[in-house]
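Chemist: This is the structure I have questions about; it appears just below.
Residue numbers (the working numbering): 446 to 1016.
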């Protein structure tokens, strides 16, 4: 081979080397972009769920405080006597709660008589708490938070829509975003005497919820119609209060299905430009709490600027360019001097690239060489390892998210979503092969009294203890999960009604003899149902729920079959 031919071959090999490494670099850059965006979406989803859980906890804390106030003897005494020492006691109790909760703007005790007259009212005025008395107390019976709350039962909570507060005499709460919570006050005979009303400062509460989240995240909150309540641009919040409709559906079109239909997924991912033209990666999630009455649906959004998400991708792009440059320079020197000698190793590298692109497996490379080709192989191996590590990390993160999505955080059992999926699959298999399938629905008798007397932490401990007891008593083919609240569901594939009833009776006796922490012995009621021909899974669950309800009505601590038959042992 003449020198000219070797040179020409060297140039051909050099160009080929540059093209190959360029393709690898472009693939790596695009892959890193996709991984970073996927990781950002995962982080945003986690933060959205965290915000939803915190908002739910905030509502329940307010509901707990309202329950304390509504059940306090002094509140009843004021509504029955409207004078004397009880008024001062209620005012002191209101002020104590407002001192502990800076987001509480106003607490009122309102009678059902006298057109909903305020009997006790404490307002927040800047840093002070003001007791309103005399002629400044107003009639509020025409407001929905009074008239609708008077229709509720003891312990039920009404939530008003989040609006700008224009009520006269509300001190620090005037012209501020406010959510009103209310609960009835009843006497020992169950007669409604009045209501406790608490006004919550939305801005203060939301700031506390998001204080420890990443600073570059942008947060959104809308009502059930899509009107912005919280927006990074304050001028776009509460447009309806100014006669405008500024909707999340207009700014983020992908949320339209989430807003308009309760049947779509609870989480929507969207990548679009915000009102200022910045590209955002955003997650929106529905927040509905069925334990409250009134405006109980909100939509939370968490977004991050796309350019911040892709900062690391730019760093990787520069690194890839440096690697490509180094490989190209080494390829020129080696191709000119050793064109024929390098033909085989370069082919090996090309094959390794193609194999890695298809199978994600790292093939054997000539890393044992001490020349530039060996350096090229080592650089490529490092790049493969980095990309593979990123891919494995993504798979691991997805697996962790899948585990979190399928398990209940309190008990470690399968959650409602996983139970629904499993029941659908097992139900289809039962219909296909004409096998029996049964379900057992159970809950703890008088569980509300556990929370009311011992507190929610003890209630949580009882739920965990019960789940541990149940897990050890079922078959490996059965699935146990938390259906909701204190209710548990057991799916029994291949088990007919009698078999499932025997299992439920066994569990009932075990629970009955179990010592629960702090509360001693407790009992459970069971509803058992087995599939009927032509029946759907939701109908099976409905029959089991009806059987559970019948067990409750018949005195609790018993097993009731969905067909009406009952099995129990004497207490």
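We put the beta carbon where it would ideally sit given N, CA and C, even for glycine. Keep in mind it's a predicted model, so treat the numbers as computed, not measured.
1. Are the region 626-641 and the region 542-559 in contact at 8 Å, needing three or more beta carbon pairs?
2. How long is the line joining the alpha carbons of residue 727 and residue 544, rounded to whole angstroms?
3. Express the C-alpha separation of residue 678 and residue 623 in angstroms, rounding to a whole number.
4. With distances taken between CB atoms, is the gap from residue 926 to residue 863 smaller than 8 Å?
5. What separation, rounded to the nearest whole angstrom, lies between the Cα atoms of residue 958 and residue 899?
6. Classify residue 495 as helix, strand or coil using the three-state DSSP reduction.
7. So what's residue 901 in DSSP terms, helix, strand or just coil?
8. Is the Cβ-Cβ distance between residue 585 and residue 563 less than 8 Å?
9. Between which two residues does the alpha helix (DSSP H) carrying residue 551 extend?
10. Out of curiosity, what's the CA-to-CA distance linking residue 504 and residue 645?
11. What are the boundary residues of the beta strand (DSSP E) that includes residue 706?
12. Using the Cα positions of residue 732 and residue 502, report the straight-line distance between them to the nearest angstrom.
13. Could you tell me the distance, in whole angstroms, from the CA atom of residue 605 to the CA atom of residue 590?
14. Report, in whole angstroms, the separation of the C-beta atoms of residue 542 and residue 639, which I expect to be a contact under 8 Å.
15. Using only the alpha-carbon positions, how far apart do residue 977 and residue 703 sit?
16. Can you tell me the Cα-Cα spacing of residue 662 and residue 673, whole angstroms?
17. Taking residue 983 as part of the alpha helix (DSSP H), name the residues at either end of that continuous run.
18. Between residue 709 and residue 860, what straight-line distance do the alpha-carbon atoms span, to the nearest angstrom?
19. I need the boundaries of the beta strand (DSSP E) containing residue 525, first residue and last residue.
20. Assuming residue 1003 and residue 996 are in contact, meaning their beta carbons sit under 8 Å apart, how far apart are those beta carbons, in whole angstroms?
21. Can you list, in chain order, the residues of its chain whose CB lies under 6 Å from that of residue 539, leaving out five sequence neighbours each side?
22. Short of 8 Å in beta carbon distance, which residues of its chain neighbour residue 609, apart from the five on each side in sequence? Order them along the chain.
23. Quick check on residue 671: buried or exposed, where buried means 16 or more other Cβ atoms within 10 Å of its Cβ?
24. Would you give the residue range spanned by the beta strand (DSSP E) that residue 691 belongs to?
25. How about the region 904-919 and the region 883-896: do they share at least three Cβ pairs that are nearer than 8 Å?
26. According to DSSP, which residues form a beta bridge with residue 644?
27. Just the C-alpha distance for residue 838 and residue 847, rounded to the nearest angstrom, thanks.
28. Around the C-beta of residue 938, are 16 or more other C-beta atoms found within 10 angstroms, so that it is buried, or is it exposed?
29. Tell me whether residue 813 sits in a helix, a strand or coil according to DSSP, three-state version.
30. Cutting at 7 Å between CB atoms, please list the residues of its own chain near residue 461, excluding the five before and the five after it.
31. Quick check: what's the CA-CA separation for residue 932 versus residue 949?
32. Since residue 492 and residue 647 are thought to touch, with beta carbons under 8 Å apart, how far apart are those beta carbons, to the nearest angstrom?
33. Would you identify the three-state DSSP class for residue 579, choosing helix, strand or coil?
34. Kindly indicate the opening and closing residues of the alpha helix (DSSP H) around residue 533.
35. Would you kindly work out how many angstroms separate the C-alpha atoms of residue 579 and residue 853, rounded to a whole number?
Modeler: So, from the listed chains and residues:
1. Taking a cut-off of 8 Å for Cβ pairs, the region 626-641 and the region 542-559 touch, as three or more such pairs fall below it.
2. Near 36 Å, if we compare the C-alpha coordinates of residue 544 and residue 727.
3. Residue 623 and residue 678: Cα-Cα distance of roughly 18 Å.
4. Cβ distance < 8 Å, so residue 926 and residue 863 count as in contact.
5. Distance between the alpha carbons of residue 958 and residue 899 is about 20 Å.
6. Look at residue 495 here: in three-state DSSP terms it is helix.
7. Three-state result, residue 901: helix.
8. Taking 8 Å as the cut-off, the Cβ atoms of residue 585 and residue 563 count as close.
9. In this chain, residue 551 is not harboured by any alpha helix (DSSP H); it is covered by the beta strand (DSSP E) spanning 549-556.
10. Going from the Cα of residue 504 to the Cα of residue 645 covers about 10 Å.
11. In this chain, residue 706 is not harboured by any beta strand (DSSP E), its DSSP state being neither H nor E.
12. Those two C-alpha atoms are separated by around 12 Å.
13. Distance between the alpha carbons of residue 605 and residue 590: 6 Å.
14. With a Cβ gap of about 18 Å, residue 542 and residue 639 do not count as contacting.
15. Whole-angstrom Cα-Cα distance: 35 Å.
16. So the alpha carbons of these two residues sit roughly 17 Å apart.
17. Residue 983 -> alpha helix (DSSP H) spans 982-998.
18. Reliability fails at residue 709, whose pLDDT of 47 lies under 50, so the model's placement of it is uncertain and no value is given.
19. Counting along the chain, residue 525 falls outside any beta strand (DSSP E), though it belongs to the alpha helix (DSSP H) covering 518-526.
20. The Cβ separation is near 5 Å, so the contact holds.
21. Excluding sequence neighbours, residue 539 sits near 552 and 567.
22. The answer, listed in chain order, is 620, 621, 622, 623, 683 and 686.
23. With 16 or more Cβ atoms within 10 Å of its Cβ, residue 671 is classed as buried.
24. No beta strand (DSSP E) holds residue 691; DSSP gives it neither H nor E.
25. In this structure the region 904-919 lies against the region 883-896, because at least three pairs of beta carbons, one per stretch, are closer than 8 Å.
26. According to DSSP, which records beta bridges pairwise, residue 644 is partnered with 551 and 625.
27. Rounded to whole angstroms, residue 838 to residue 847 spans 14 Å at the Cα level.
28. So residue 938 counts as buried.
29. Coil.
30. Cβ within range, chain order: n/a, list empty.
31. Each residue's alpha carbon lies about 14 Å from the other.
32. With 8 Å as the limit, residue 492 and residue 647 do not qualify as a contact, their Cβ atoms being about 19 Å apart.
33. Assignment of residue 579 by DSSP, reduced to helix, strand and coil, places it in the helix class.
34. Element bounds for residue 533: 530-545.
35. Whole-angstrom Cα-Cα distance: 51 Å.
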